[in-house]
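*Asks:*
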Amino acid sequence: MSRTPDARARDTQTKQIQESITHVEKHFGELCQLFAAYVRKTARLRDKADVLVRQISLYADTETPNLKNGLKNFADQLAKIQDYRQAEVERLEAKVVEPLKGYGTVVKMKRADLKLTQNARNREAKQMQQLERMRQRNPSDRQIISQAESELQRATMDATRTTRQLEETIDVFEKQKIQDIKKVFGEFVTIEMMFHAKALEVYTTAYQHIQNVDEEGDLEVFRSTLHPPDYQSRLEIVRANSKTSLNRTGTSMSKSGTLQSRTPKAQRKRDEEDDEDGDEEEDEDEDDDLEDVTDDEN
Numbered sequence: 002m003s004r005t006p007d008a009r010a011r012d013t014q015t016k017q018i019q020e021s022i023t024h025v026e027k028h029f030g031e032l033c034q035l036f037a038a039y040v041r042k043t044a045r046l047r048d049k050a051d052v053l054v055r056q057i058s059l060y061a062d063t064e065t066p067n068l069k070n071g072l073k074n075f076a077d078q079l080a081k082i083q084d085y086r087q088a089e090v091e092r093l094e095a096k097v098v099e100p101l102k103g104y105g106t107v108v109k110m111k112r113a114d115l116k117l118t119q120n121a122r123n124r125e126a127k128q129m130q131q132l133e134r135m136r137q138r139n140p141s142d143r144q145i146i147s148q149a150e151s152e153l154q155r156a157t158m159d160a161t162r163t164t165r166q167l168e169e170t171i172d173v174f175e176k177q178k179i180q181d182i183k184k185v186f187g188e189f190v191t192i193e194m195m196f197h198a199k200a201l202e203v204y205t206t207a208y209q210h211i212q213n214v215d216e217e218g219d220l221e222v223f224r225s226t227l228h229p230p231d232y233q234s235r236l237e238i239v240r241a242n243s244k245t246s247l248n249r250t251g252t253s254m255s256k257s258g259t260l261q262s263r264t265p266k267a268q269r270k271r272d273e274e275d276d277e278d279g280d281e282e283e284d285e286d287e288d289d290d291l292e293d294v295t296d297d298e299n
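If you're matching positions, the sequence shown starts at 2 in the numbering used here and goes up one per residue.
1) Which residues in the same chain have their Cβ closer than 7 Å to the Cβ of E188, if we skip the five residues on either side of it in sequence?
2) Quick one: grab the DSSP three-state call for S141.
3) Between which two residues does the alpha helix (DSSP H) holding T65 run?
4) Buried or exposed, going by whether 16 or more other CB atoms sit within 10 Å of the CB of G105?
5) What did DSSP end up calling N70 once you bin it into helix, strand or coil?
6) Spatial neighbours of D51 within its chain, please: CB distance less than 7 Å, with the 5 preceding and 5 following residues excluded, ordered by chain position.
7) What residue does the alpha helix (DSSP H) around D219 start on, and which one ends it?
8) Out of T164, Q148, C33, which one is the CA nearest neighbour of P100?
9) How close, in whole Å, do the beta carbons of D215 and N67 come, if the pair is a contact with beta carbons under 8 Å?
10) Within the stretch 22-105, note down every full alpha helix (DSSP H) run reaching 4 residues or more, in order along the chain.
11) So, using beta-carbon positions, are A80 and L72 closer together than 8 Å?
12) Spell out a yes or no on whether the stretch 86-94 and the stretch 7-21 are touching, meaning 3 or more CB-CB pairs, one atom from each, closer than 8 Å.
13) For A113 versus T163, is the C-beta distance shorter than 8 Å?
14) Less than 8 Å separating the beta-carbons of L115 and Q19?
15) Which residues in the same chain have their Cβ closer than 6 Å to the Cβ of N213, if we skip the five residues on either side of it in sequence?
16) Taking three-plus beta-carbon pairs below 8 Å as touching, is the stretch 123-138 in contact with the stretch 29-44?
17) Look at the alpha carbon of K109 and the alpha carbon of K178, and state the distance between them as a whole number of angstroms.
18) Would you mind stating whether H228 and N74 have Cβ atoms separated by less than 8 Å?
19) Taking the straight line between their C-alpha atoms, what separation do you get for E169 and A126?
20) Just verifying my parser: in three-state terms, what is the DSSP assignment at N213?
21) Given R136, which residues of its chain have a CB within under 7 Å of its CB, disregarding the five upstream and five downstream residues?
22) Measuring CA to CA, which of D159, H197, K183, V107 is closest to K27?
23) Return the CA-CA distance between E94 and K49, expressed in angstroms with no decimal places.
24) In angstroms, rounded to a whole number, what distance separates the CA positions of T15 and V203?
25) Assign A198 to one of two classes, buried (16 or more other C-beta atoms within 10 Å of its C-beta) or exposed (fewer than that).
26) Measuring CB to CB, does K111 end up less than 8 Å from I192?
27) In chain order, what residues of the same chain lie with their CB nearer than 7 Å to the CB of A200, ignoring the 5 residues before and after it?
28) Would you kindly work out how many angstroms separate the C-alpha atoms of R124 and A160, rounded to a whole number?
29) Could you tell me whether the Cβ atoms of L153 and T118 are closer together than 8 Å?
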């Protein structure tokens with residue numbers, strides 16, 4: 002005796018339900034693992050960013066005042082982003098990973114319901130085979146055949162009942178699955194949008210802090226460290242002394258020129274005085290000669 006069209010239809014239906022449950026079990030499990038890995042990666046990114054914040058702060062302590070202030074403010078904003086990232090991690094864990102993880106239990110329950118239906122179908126098929134054998138062995142024993150037919154009828158009713166229950170359960174399951182997918186993926190997008198919106202605001206502030214660093218002011222501070230005040234004062238003294246020396250040298254050179262220009266006049270004056278002295282000496286010699294001649298005549 003071949004199975005009835007209703008039994009074959011129920012078998013096809015059960016097979017489709019089983020495939021649907023298997024797909025959910027497989028793909029939801031993979032999605033859960035990937036979302037969990039995504040959350041772990043985000044948490045590791047948060048940890049690396051915390052290390053980066055500490056390193057920037059350490060570096061800022063070695064820099065000039067304006068750059069130090071800009072780096073400190075930049076690090077503060079970057080740390081604030083990591084606070085938002087921590088909130089992102091916690092929300093993803095609660096709103097995305099946990100609901101997907103919970104489908105492991107849901108799938109087990111649906112498999113249990115499917116197993117009940119399959120057991121009822123198997124009993125129906127067994128009773129059908131038993132009735133067929135009785136009809137072949139004892140075609141004239143109406144009592145045994147009637148009893149077997151009653152048992153088959155009960156098995157068929159039980160299979161039909163469990164199939165209907167399974168249909169209702171799977172219908173609820175499919176509806177809940179679609180709603181959960183919409184909710185989980187919607188939560189994922191919302192959480193990411195919230196984080197990135199906040200992060201964009203903070204990154205904008207961080208960018209402004211680092212761009213507002215006064216370069217010229219820090220360059221002046223840096224240059225002052227290369228040329229401290231005492232060095233500057235000594236440099237000014239050296240420059241002043243050099244200027245004075247140059248002035249003195251110029252004055253000496255001008256005086257030397259003046260002396261050279263005046264030398265011929267003084268020399269001529271001295272020469273004239275020497276000439277006058279010579280004339281006086283000659284006159285005195287002549288007077289002496291005259292006196293000598295006069296004495297001789299007397």
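For every residue, glycine included, the Cβ atom is placed at its ideal position computed from N, Cα and C.
*Replies:* Taking the definition as stated:
1) Here residue 188 refers to the residue found at position 187 when the sequence shown is read from its first residue. If we look at E188 and ignore the five residues flanking it on each side, its Cβ neighbours are K96, V97.
2) Counting from 1 along the sequence shown, the entry for residue 141 is found at position 140. Under the three-state reduction of DSSP output, S141 falls in the coil class, being neither helix nor strand.
3) Within the sequence shown, residue 65 is the residue found at index 64, counting from 1. Unbroken run through T65: none, as it is neither H nor E.
4) Taking the first residue of the sequence shown as 1, we reach residue 105 at position 104. Exposed is the call here.
5) For the purposes of this step, residue 70 is taken as the residue at position 69 of the sequence shown. In the structure shown, N70 sits in a helix (DSSP, three-state: H, G or I).
6) Here residue 51 refers to the residue found at position 50 of the sequence shown. Excluding sequence neighbours, D51 sits near Q83.
7) Here residue 219 is taken as the residue at index 218 of the sequence shown, counted from 1. Where D219 is concerned, the enclosing alpha helix (DSSP H) starts and stops at 216-227.
8) In the sequence shown, counting from the first residue as 1, residue 100 sits at position 99. Ranked by Cα distance from P100, the options T164, Q148, C33 are led by C33.
9) The residue you call residue 215 lines up with position 214 of the sequence shown. The residue you call residue 67 lines up with position 66 of the sequence shown. In this structure D215 touches N67 by the C-beta definition: roughly 4 Å separates them, less than 8 Å.
10) At a cut-off of 4 residues, the continuous stretches assigned as alpha helix (DSSP H) that sit fully inside the stretch 22-105 are 66-93.
11) For this step, residue 80 is matched to residue 79 along the sequence shown. For this step, residue 72 is matched to residue 71 along the sequence shown. Their beta carbons are not under 8 Å apart, which means A80 does not touch L72 by this criterion.
12) Because the criterion of three Cβ pairs below 8 Å is not met, the stretch 86-94 and the stretch 7-21 do not touch.
13) Sequence index remark: in the sequence shown, residue 113 carries index 112 (1-based). Sequence index remark: in the sequence shown, residue 163 carries index 162 (1-based). No, the pair does not count as a contact, with Cβ atoms beyond the cut-off.
14) Along the sequence shown, one-based indexing puts residue 115 at 114. Along the sequence shown, one-based indexing puts residue 19 at 18. The answer is yes: Cβ separation under 8 Å.
15) For the purposes of this step, residue 213 is taken as residue 212 along the sequence shown, with counting starting at 1. Closer than 6 Å at the Cβ level, and outside the excluded window around N213, lies no residue.
16) Pairwise C-beta distances place the stretch 123-138 out of contact with the stretch 29-44, as fewer than three of them are shorter than 8 Å.
17) Residue numbering aside, residue 109 sits at position 108 when the sequence shown is read from its first letter. Residue numbering aside, residue 178 sits at position 177 when the sequence shown is read from its first letter. One Cα belongs to K109, the other to K178, and the distance between them is close to 14 Å.
18) The residue labelled residue 228 in the question sits at position 227 within the sequence shown. The residue labelled residue 74 in the question sits at position 73 within the sequence shown. At the C-beta level, H228 and N74 stay beyond 8 Å of one another.
19) Taking the first residue of the sequence shown as position 1, residue 169 is located at position 168. Taking the first residue of the sequence shown as position 1, residue 126 is located at position 125. A126 has its alpha-carbon roughly 23 Å from the corresponding atom of E169.
20) For the purposes of this step, residue 213 is identified with residue 212 of the sequence shown, where counting begins at 1. Three-state DSSP puts N213 in coil, outside helix and strand.
21) Within the sequence shown, numbered from 1, the residue matching residue 136 stands at position 135. Cβ contact annotation for R136 (same chain, cutoff 7 Å, sequence separation greater than five): I146, in chain order.
22) The residue labelled residue 27 in the question sits at position 26 within the sequence shown. Out of D159, H197, K183, V107, V107 has the C-alpha closest to the C-alpha of K27.
23) Stepping through the sequence shown from its first residue, residue 94 is reached at position 93. Stepping through the sequence shown from its first residue, residue 49 is reached at position 48. E94 and K49 have their C-alpha atoms roughly 20 Å apart.
24) If you number the sequence shown from 1, residue 15 lands on position 14. If you number the sequence shown from 1, residue 203 lands on position 202. Taking the straight line from one Cα to the other gives about 55 Å.
25) Translated into positions along the sequence shown, residue 198 becomes position 197. Taking all protein chains shown into account, A198 has fewer than 16 neighbouring C-beta atoms within 10 Å of its C-beta and is therefore exposed.
26) Taking the sequence shown and counting its residues from 1, the one referred to as residue 111 is at position 110. Taking the sequence shown and counting its residues from 1, the one referred to as residue 192 is at position 191. Not in contact: K111 and I192 (Cβ atoms no closer than 8 Å).
27) Working through the sequence shown from its first residue, we reach residue 200 at position 199. Cβ within range, chain order: I82, Y85.
28) Here the question's residue 124 lines up with position 123 in the sequence shown. Here the question's residue 160 lines up with position 159 in the sequence shown. Annotation: R124 to A160 spans about 8 Å, alpha carbon to alpha carbon.
29) Looking up residue 153 in the sequence shown gives position 152. Looking up residue 118 in the sequence shown gives position 117. No.
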